[in-house]
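Contents: one structure, followed by commentary.
There are 2 protein chains.
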Amino acid sequence: MELCTTIQAIRQARAALGTVGFVPTMGFLHEGHLSLVRQARAENDAVIVSIFVNPIQFGSAEDLSTYPRALERDVALLQQEGVACVFAPDVAELYPEGFVTQMSLGGVAAALEGTSRPGHFAGVAMVLTKLFNIIQPQRAYFGQKDAQQCAVVRRLVEDVNSPVEIITAPTWREADGLAGSSRNSRLTEEDRKRAPALYRALCHARDCVRAGEHRRTVLEAAMRSVLEAEGLTDIDYAMIVNPETFHTEGEIIPPHALALLAVRVGAVRLIDNMPLL
Amino acid sequence: MELCTTIQAIRQARAALGTVGFVPTMGFLHEGHLSLVRQARAENDAVIVSIFVNPIQFGSAEDLSTYPRALERDVALLQQEGVACVFAPDVAELYPEGFVTQMSLGGVAAALEGTSRPGHFAGVAMVLTKLFNIIQPQRAYFGQKDAQQCAVVRRLVEDVNSPVEIITAPTWREADGLAGSSRNSRLTEEDRKRAPALYRALCHARDCVRAGEHRRTVLEAAMRSVLEAEGLTDIDYAMIVNPETFHTEGEIIPPHALALLAVRVGAVRLIDNMPLL
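Chains as they are written, first to last, in numbering that gives the first Met the number 0: chain A, 0 to 276; chain B, 0 to 276.
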């Protein structure tokens with residue numbers, strides 16, 4: 000496996016590969032990432048993984064500085080998974096002095112995370128535009144845990160006619176239902192025990208829908224009550240949207256309904272989601 | 000030669016070619032375009048030319064609706080030049096319903112045309128991002144006549160790490176010095192006679208610099224006086240900038256000086272430029 004830190008090096012390494020499946024990450028890898036890597040390996044000649052904590056998608060300097068990192072461990076994990084190249088540039092390699100271009104997205108990028116984290120998706124769109132141009136993969140892999148990001152990336156790729164095929168893989172979960180996230184490592188022991196309430200709240204909404212409840216306000220309140228019973232009251236959003244548009248108008252109509260949560264658990268903001276089928 | 004109107008068709012046609020030189024145009028081709036095509040042919044296995052009047056780079060609906068078009072004649076010209084494919088999509092093919100992504104650029108895109116035509120370069124950046132993704136050329140060719148556009152495109156390509164090499168070719172001129180432009184076709188007979196005053200004003204500035212004049216205000220006034228002597232008083236700008244930054248501060252320092260004009264000649268807005276060496 001090759002570890003590249005410059006654009007020139009990864010371009011040269013990529014040129015020797017056939018079809019490439021690309022897994023963009025911010026590092027501190029967990030089983031969710033590795034499940035994407037395994038799928039990418041099965042569907043392409045070779046896999047490239049990027050590890051880059053993209054500063055322009057963070058709204059808060061604090062969140063950026065505390066984002067967990069473990070490059071050596073990540074590289075060892077990826078070597079075991081048969082990855083061909085890891086691309087781990089520093090910030091100046093991707094955003095040198097003089098960098099001015101920005102992207103902006105409306106539509107699916109406007110609500111939820113777009114409201115809670117202004118500029119977040121613009122930063123995601125820019126770094127992916129750059130990484131896709133550098134790596135030129137056939138396919139790129141994203142986890143369903145970041146459901147809105149998946150929708151935004153699909154919109155972006157369609158709008159700019161990128162030749163990259165976007166693959167969304169199911170959310171990887173711990174045994175107690177907690178969705179895999181690098182941020183989980185920052186939970187205290189006690190908060191780790193409370194965190195699966197997100198999953199339980201989503202399952203509860205799904206069960207209510209299966210029992211015939213289609214009123215958005217009732218379902219959203221049902222999710223909040225599960226969270227609040229666990230003492231999780233700092234809720235950014237607990238919403239049900241149309242997964243194509245991320246709009247929230249009117250009564251929900253399964254299967255066109257996706258429940259999404261963003262909740263602060265102690266010092267850590269977690270997100271999760273589930274289709275209501 | 001193949002004429003493609005859909006993204007699917009041009010992608011399929013492109014896949015059968017080796018290295019590709021790409022000449023993006025808005026059609027109504029003149030000798031300036033054809034000189035780019037010839038250079039592209041000499042430097043690549045095959046040439047693809049796009050013909051697309053990009054609505055999102057026009058500020059005024061009037062300028063867009065009166066932009067000259069002659070697809071049949073253009074296609075015949077390109078066939079004579081040995082072009083492999085022409086890509087001439089309609090507006091809905093590149094901007095279907097639901098399109099939301101925007102690009103914005105600062106730096107070299109902020110001044111001059113960026114001020115006179117808000118949104119112009121954002122529109123140029125978007126259509127080129129799309130066309131580069133669709134056509135995946137090795138090289139793309141632009142005329143020095145659109146000097147600021149060349150600087151913006153270089154900045155864009157660097158910022159998004161596009162693998163496309165940007166080639167700038169010298170401005171093609173009529174015998175009397177008028178720079179080749181599709182908009183020249185909209186000049187009345189009388190205005191056509193006055194239009195070479197832009198070239199003469201630029202030459203005058205260059206001659207003043209060669210005679211030792213380095214004061215920006217004097218040189219800019221000298222250009223204006225040549226234009227005004229021809230009755231051309233509707234001057235958007237007559238400026239000298241640093242060609243790397245497009246900034247205008249301080250005394251000019253050849254060879255880091257580029258004189259630029261945007262002048263309305265009758266109903267037609269013309270631009271031209273010349274390095275002051």
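Using N, Cα and C, we set each Cβ at its ideal position, and we do this for glycine too. Keep in mind that this is a model prediction, so the values were computed, not measured.
By the Cβ rule, the region 194-212 of chain A does not count as touching the region 79-87 of chain A, because fewer than three pairs are nearer than 8 Å.
Beyond the five residues adjoining it in sequence on each side, residue 5 (chain A) comes within less than 8 Å, by CB distance, of 88, 92 in the same chain, given in chain order. For residue 134 (chain B), the uninterrupted alpha helix (DSSP H) run begins and ends at 119-134, by DSSP. Among the residues facing chain A, residue 106 (chain B) is included, as its CB has a counterpart in that chain under 8 Å away. Taking the Cα positions, residue 33 (chain B) is about 45 Å away from residue 244 (chain A).
Between residue 73 (chain B) and residue 35 (chain B), the C-beta spacing is not below 8 Å.
Beta-bridge partners assigned by DSSP to residue 271 (chain B): B:260. By the neighbour-count criterion, in which 16 or more other beta carbons inside 10 Å mark a residue as buried, residue 116 (chain B) falls on the buried side.
Residue pairing by DSSP places residue 45 (chain B) opposite B:19 in a beta bridge. DSSP lists no bridge partner for residue 244 (chain B).
Per DSSP, residue 26 (chain B) has no beta-bridge partner at all. One finds 101, 103 in chain B with Cβ atoms closer than 7 Å to the Cβ of residue 103 (chain A), taken in chain order. Counting only Cβ-Cβ distances below 7 Å, residue 19 (chain A) has no contacts in chain B at all, with the closest Cβ about 14 Å away. Annotation: the continuous beta strand (DSSP E) that includes residue 101 (chain B) extends over 101-103. By the C-beta criterion, the region 155-171 of chain B is judged to be in contact with the region 132-143 of chain B, since at least 3 inter-stretch pairs fall below 8 Å. Measuring C-alpha to C-alpha distances from residue 99 (chain A) to each of B:96, B:99, B:105 identifies B:105 as the nearest. For residue 276 (chain A), the three-state secondary structure derived from DSSP is coil. Within the region 228-241 of chain A, not one residue has a Cβ closer than 7 Å to any Cβ of chain B. Close partners of residue 129 (chain B) in chain A (Cβ separation under 7 Å): 159, 160.
One finds 159, 160, 161, 162 in chain B with Cβ atoms closer than 7 Å to the Cβ of residue 132 (chain A), taken in chain order.
Think of a sphere of 7 Å around the beta carbon of residue 98 (chain A): the chain B residues whose beta carbon falls inside it are 158, in chain order.
Of the candidates B:103, B:205, B:21, B:205 places its Cα closest to the Cα of residue 252 (chain B). In this structure residue 262 (chain A) is not in contact with residue 239 (chain A), their Cβ atoms being roughly 15 Å apart against a cut-off of 8 Å.
Among the bridge pairs identified by DSSP, residue 168 (chain B) is matched with B:142. Nearest neighbour of residue 271 (chain B) by Cα position, chosen from B:177, B:181, B:220, turns out to be B:177. Relative to residue 149 (chain A), the option among A:112, A:133, A:184 whose CA is nearest is A:112. Your pair residue 135 (chain A) and residue 13 (chain A) checks out as a contact, with CB atoms roughly 7 Å apart and the cut at 8 Å.
Assigned with DSSP and collapsed to three states, residue 237 (chain A) falls in strand. Secondary structure of residue 266 (chain B) (DSSP, three-state): coil. Collapsing the DSSP output to three states places residue 186 (chain A) in coil.
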